[in-house]
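Chemist: Have a look at the structure that comes next, please.
Number of protein chains: 2
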Amino acid sequence: MESNKREMFQMMTRRLGLLDKNCCNAGGIGISLVQSHILYEIDRRHHPSIQQVADALAIDITTFSRQIQSLVKLGLVQKTPLPTDRRIYILSLTTQGKFVATVIDEQMNHYLQEVFSHMSEFERDMVINAVKLLNESMAKSSVCCTPIG
Amino acid sequence: MESNKREMFQMMTRRLGLLDKNCCNAGGIGISLVQSHILYEIDRRHHPSIQQVADALAIDITTFSRQIQSLVKLGLVQKTPLPTDRRIYILSLTTQGKFVATVIDEQMNHYLQEVFSHMSEFERDMVINAVKLLNESMAKSSVCCTPIG
DNA sequence: TTAAATAATTGCAAAATGCAAATAAATTTT
DNA sequence: AAAATTTATTTGCATTTTGCAATTATTTAA
Numbered sequence: 001m002e003s004n005k006r007e008m009f010q011m012m013t014r015r016l017g018l019l020d021k022n023c024c025n026a027g028g029i030g031i032s033l034v035q036s037h038i039l040y041e042i043d044r045r046h047h048p049s050i051q052q053v054a055d056a057l058a059i060d061i062t063t064f065s066r067q068i069q070s071l072v073k074l075g076l077v078q079k080t081p082l083p084t085d086r087r088i089y090i091l092s093l094t095t096q097g098k099f100v101a102t103v104i105d106e107q108m109n110h111y112l113q114e115v116f117s118h119m120s121e122f123e124r125d126m127v128i129n130a131v132k133l134l135n136e137s138m139a140k141s142s143v144c145c146t147p148i149g
Numbered sequence: 150m151e152s153n154k155r156e157m158f159q160m161m162t163r164r165l166g167l168l169d170k171n172c173c174n175a176g177g178i179g180i181s182l183v184q185s186h187i188l189y190e191i192d193r194r195h196h197p198s199i200q201q202v203a204d205a206l207a208i209d210i211t212t213f214s215r216q217i218q219s220l221v222k223l224g225l226v227q228k229t230p231l232p233t234d235r236r237i238y239i240l241s242l243t244t245q246g247k248f249v250a251t252v253i254d255e256q257m258n259h260y261l262q263e264v265f266s267h268m269s270e271f272e273r274d275m276v277i278n279a280v281k282l283l284n285e286s287m288a289k290s291s292v293c294c295t296p297i298g
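Protein chains in written order, with the working numbering: chain A, 1 to 149; chain B, 150 to 298.
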C-alpha cells in the first residue's frame, strides 16, 4: 500500500504551517511565526540560555541573537546574565510575553479543537497516538530533525 | 486524557519543518524552503497560473511574483502566457526544474522511509491513516488552512 | 599564563516580505 | 461600442530577516 507518503506529508506540513502562522497573528498580536516559536520555547524550558533556544529551534545563532533583541525591545522577553558564567544570558518571558504566549496557546488549542471536532472519538485517539509515535520516530531518526529535544 | 495536544503538534510541526528544510539543501541543491514548495506545487498541478500557486501556498502575490522571477532566472521554472487570456501566465518546470524537484522528492521519501523504519508494520499503517485523517479534518476546518486544496 | 574553546554580539550584503501603485488585458455596464 | 470595473501580474519602495565572517568577552585547558 504505497499511499503517496510524500504528498500526504507535504500537505500536512503546509497546513500545520498555516495553522501556526494564523495563530501568531490572531488576537491583535502582531509577532512573526519565528518569534512565536521563540516565546513558546522560552516558556517551555527552564531558564534557557540564548544558545540553547537557538539550538532547539535550529536557528542560526546570529539571527537568533537579533530576534531576541527585537523581542526584548518589544518588551516580551528578558535577558538576565548568568552569575556563575558571565558569557551566558538566561532568557525569560516578561509578564507581557507570558500573556502573548498564553493567548497564542489558547488560540492554537482552539484551532486544534476545531480540527479534532471533525473526527470521531476513535479517530481522535488514533491521531493523538499517531502524532506521538511520529514524534518519537523523528526523534530517533539519525537523518534529520536532530536539534529538537 | 488531555495529552497536551498543543505541545505534541508544536513539536511535530517543527520537526516536519526541519525535515522539509533539510531536503531542499541536500544533494548540492541550494534553493530555499519556499522555492522547494513552489517547485513541488507547480509539478503537482496541471499547468497552474501564477495566481493559483500563490493562493495554494498562501504566499503574497507580489512576493510570489518575484520568487517566480528568481526561479526563472535559475532556469528551474518557465512562464508561458496563456493564449486564451493574455493576463495569465502558466507555470511549468524546466528539465532542470523537474530534475531538482525529483531529487528533493527522493530525498524526502528517503527521510520519511527512515522515520517510518522505527515503527512496526501496524504502527506505520496507523500513522498513515492518521495523517490522512488529519489532512481531511484540516481541509474541513473553517478556522484555518483554507487556501490549500 | 598563554592558548584554545565557548557565548554572544556586530558588520556587512544579500534575500525575502508586503503594502501601495502601476500596467495590461478581459469583462461588465451603460 | 465606449467607459467603468474586475482580474492577473508586475514594479517601487521601505522594512525585516537571514547568515557568513569577524569581534568581544569569559571561561576552561594546557
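Virtual Cβ for every residue (Gly too), placed ideally from N, Cα, C.
Please read all numbers here as calculations on a predicted model, not as lab measurements.
Taking 7 Å as the threshold (beta carbon to beta carbon), is B:Arg215 in contact with chain A?
Modeler: Not an interface residue.
Chemist: Any beta carbon from chain B within less than 7 Å of A:Asn4's own beta carbon?
Modeler: By this cut-off, A:Asn4 is not an interface position.
Chemist: Here's a check: name, in chain order, each residue in its chain whose Cβ is nearer than 7 Å to the Cβ of B:Ala250, leaving out the five neighbours to either side.
Modeler: Closer than 7 Å at Cβ, skipping near neighbours: Leu188, Tyr189, Asp192, Leu242.
Chemist: Check whether the Cβ of B:Glu263 lies closer than 7 Å to any Cβ atom in chain A.
Modeler: Yes - at least one Cβ of chain A is within 7 Å of the one on B:Glu263.
Chemist: Name the chain B residues whose beta carbon is nearer than 8 Å to that of A:Lys132?
Modeler: Here the neighbours are Ser152, Met157.
Chemist: Does DSSP classify A:Ser92 as helix, strand or coil?
Modeler: Residue state, collapsed to three classes: strand.
Chemist: Within 8 Å, do at least three Cβ pairs link the region 247-267 of chain B to the region 160-178 of chain B?
Modeler: Yes: the two stretches touch, three or more of their Cβ pairs being nearer than 8 Å.
Chemist: Counting along the chain, where does the alpha helix (DSSP H) carrying A:Thr13 start and finish?
Modeler: Looking at the DSSP string, the run of the alpha helix (DSSP H) that includes A:Thr13 is 5-25.
Chemist: Hey, is B:Arg164's beta-carbon within less than 7 Å of any beta-carbon in chain A?
Modeler: So yes, B:Arg164 belongs to the interface.
Chemist: Does the Cβ-Cβ distance between B:Leu225 and B:Gln245 come in under 7 Å?
Modeler: In contact: B:Leu225 and B:Gln245 (Cβ atoms closer than 7 Å).
Chemist: Residue range of the alpha helix (DSSP H) that B:Thr211 falls in?
Modeler: Residues 210-222.
Chemist: Which of the three DSSP states, helix, strand or coil, is assigned to A:Thr102?
Modeler: In the structure shown, A:Thr102 sits in a helix (DSSP, three-state: H, G or I).
Chemist: Report yes if the CB atom of A:Ser36 is closer than 7 Å to the CB atom of A:Ile88, and no otherwise.
Modeler: Cβ atoms of A:Ser36 and A:Ile88: not closer than 7 Å.
Chemist: Which residues in chain A have a C-beta closer than 7 Å to the C-beta of B:Arg289? List them in chain order.
Modeler: It should be pointed out that residue 289 of chain B corresponds to Lys in this sequence rather than to Arg. Within 7 Å Cβ-Cβ: His118.
Chemist: If you compare alpha carbons, which of A:His46, A:Glu136, A:Arg45, A:Gln113 is closest to B:Ser266?
Modeler: With distances taken between Cα atoms, B:Ser266 lies closest to A:Glu136.
Chemist: Which chain A residues are close to B:Ala250, counting only those with a beta carbon under 8 Å from its beta carbon?
Modeler: Under the 8 Å cutoff, chain A gives no residues; its nearest Cβ is about 11 Å from B:Ala250.
Chemist: Could you check the C-alpha separation between B:Pro296 and B:Met287 for me, to the nearest Å?
Modeler: Low per-residue confidence applies at B:Pro296: pLDDT is 49, beneath 50, and the placement is therefore not dependable, though the value from the model is reported in the following sentence. Whole-angstrom Cα-Cα distance: 11 Å.
Chemist: Mind listing the chain A neighbours of B:Asn174? Cutoff is C-beta to C-beta under 7 Å, in chain order.
Modeler: Going along chain A, no residue has its Cβ under 7 Å from B:Asn174, so there is no contact; the nearest lies around 11 Å.
Chemist: Which residues, in order along the region 51-62 of chain A, keep a beta-carbon less than 8 Å from a beta-carbon of chain B?
Modeler: Here the close residues are Leu57, Ala58.
Chemist: When DSSP labels each residue in this structure, what does A:Ser142 get in the three-state scheme?
Modeler: A:Ser142 falls in the coil class under three-state DSSP.
Chemist: Is B:Ser198 helix, strand or coil by DSSP?
Modeler: DSSP places B:Ser198 in strand when its eight states are reduced to three.
Chemist: Hey, how far is the Cα of B:Ser291 from the Cα of A:Leu82?
Modeler: Answer to the nearest angstrom: the Cα atoms are 46 Å apart.
Chemist: Anyone know if the C-beta pair for B:Ile277 and B:Cys172 falls short of 7 Å?
Modeler: Not a contact, by the Cβ cut-off of 7 Å.
Chemist: Under 7 Å between the Cβ atoms of B:Arg155 and A:Met108?
Modeler: Their beta carbons are under 7 Å apart, which means B:Arg155 touches A:Met108 by this criterion.
Chemist: A:Val77 bridges to which residues according to DSSP?
Modeler: A:Leu93, per the DSSP bridge assignment.
Chemist: Quick one: give me the first and last residue of the alpha helix (DSSP H) that A:Ser36 is part of.
Modeler: Counting along the chain, the alpha helix (DSSP H) containing A:Ser36 begins and ends at 33-44.
Chemist: Look at B:Thr212 and A:Asp20 and say whether their C-beta atoms are less than 7 Å apart.
Modeler: No.
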